[in-house]
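To start, the structure itself, in structure tokens.
Numbering (our numbering), first residue to last: 274 to 451.
This is how it looks when you write it as structure tokens:
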């Protein structure tokens with residue numbers, strides 16, 4: 274005997290509208306495609322992407338970094354971990370985490386280092402925040418992310434420009450043995 278399955282069409286349409294994922298897209302913004310500091314005489318490889326400001330997009334960002342850095346083992350994992358921390362901070366503390374928000378993530382492969390820039394859409398309405406490590410408090414949740422970035426990267430910093438905030442870090446590449 275055949276089984277009859279009833280479908281609530283309105284509920285199906287509402288669920289479908291909610292589950293439509295916005296996809297990452299490449300950016301042509303020259304600010305995103307330029308490292309914070311570099312010797313222009315040295316060649317560089319860059320990849321920048323604009324991601325929807327949704328937590329599940331962190332997985333997309335991690336995959337893109339891994340695909341661009343190859344098989345560098347612990348260096349790749351450090352790049353992924355720190356970029357993930359900055360992406361999560363952008364969602365948690367800025368307008369990028371609001372509906373319709375976006376985060377730009379750029380990875381630069383320079384001759385002697387990797388650089389990652391995470392650019393958000395700036396502070397929420399009425400807030401004036403600047404990314405900086407908070408005093409450590411083991412009794413509170415969070416607040417360890419920028420300490421992690423500071424301790425695991427070779428250099429890091431912040432830049433506020435045109436209402437947007439960029440947090441960047443670099444990890445030096447080891448010299449190859451001959």
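C-beta atoms are modelled at their ideal positions from N, C-alpha and C, and glycine is treated no differently. Remember, predicted model here, so these are calculated numbers, not experimental data.
Assess contact between the stretch 397-404 and the stretch 340-347, defined as three or more Cβ pairs (one per stretch) separated by less than 8 Å. Is contact present? The stretch 397-404 makes no contact with the stretch 340-347; the number of CB pairs closer than 8 Å stays below 3.
Measure the CB-CB distance between residue 353 and residue 391 and report whether it falls below 8 Å. Contact flag unset, no.
CA-to-CA distance, residue 406 to residue 428, given in whole angstroms: Here the alpha carbons of residue 406 and residue 428 stand approximately 14 Å from one another.
Measure the Cβ-Cβ separation of residue 362 and residue 418 and say whether it is below 8 Å. In terms of Cβ geometry, residue 362 and residue 418 form a close pair [threshold 8 Å].
Alpha carbon to alpha carbon, how far is residue 421 from residue 382? Give it in angstroms, no decimals. Going by the C-alpha atoms only, they are around 21 Å apart.
For the alpha helix (DSSP H) containing residue 363, name the first residue and the last one. Element bounds for residue 363: 347-366.
Run of the beta strand (DSSP E) containing residue 374, from where it starts to where it stops: Going by DSSP, residue 374 is part of no beta strand (DSSP E) at all; its letter is neither H nor E.
What span of residues does the beta strand (DSSP E) with residue 319 cover, start to end? Counting along the chain, residue 319 sits inside the beta strand (DSSP E) bounded by residues 318-325.
Could you tell me which of 325, 423, 434 and 433 sits nearest to residue 444, measuring between CA atoms? Per the Cα distances, 423.
Since residue 320 and residue 380 should fall inside the 8 Å C-beta cutoff, what is the C-beta to C-beta distance between them, to a whole number of angstroms? The beta carbons of residue 320 and residue 380 sit about 5 Å from each other, so the pair counts as a contact at 8 Å.
Boundaries (first-last residue) of the alpha helix (DSSP H) holding residue 336: Segment 330-342, the alpha helix (DSSP H) holding residue 336.
Span of the alpha helix (DSSP H) around residue 422: Taken as a continuous stretch (DSSP letters only), the alpha helix (DSSP H) holding residue 422 covers 418-425.
Best match in 371, 378, 326 and 437 for proximity to residue 355 [C-alpha to C-alpha]: Answer by Cα proximity: 378.
Beta-carbon proximity list for residue 374, same chain, < 7 Å, skipping 5 on both sides: Counting only Cβ-Cβ distances below 7 Å, and skipping sequence neighbours, we find 326, 368 and 394.
Just to confirm before moving on: does the CB-CB distance between residue 339 and residue 349 stay below 8 Å? Result yes, Cβ atoms of residue 339 and residue 349 sit closer than 8 Å.
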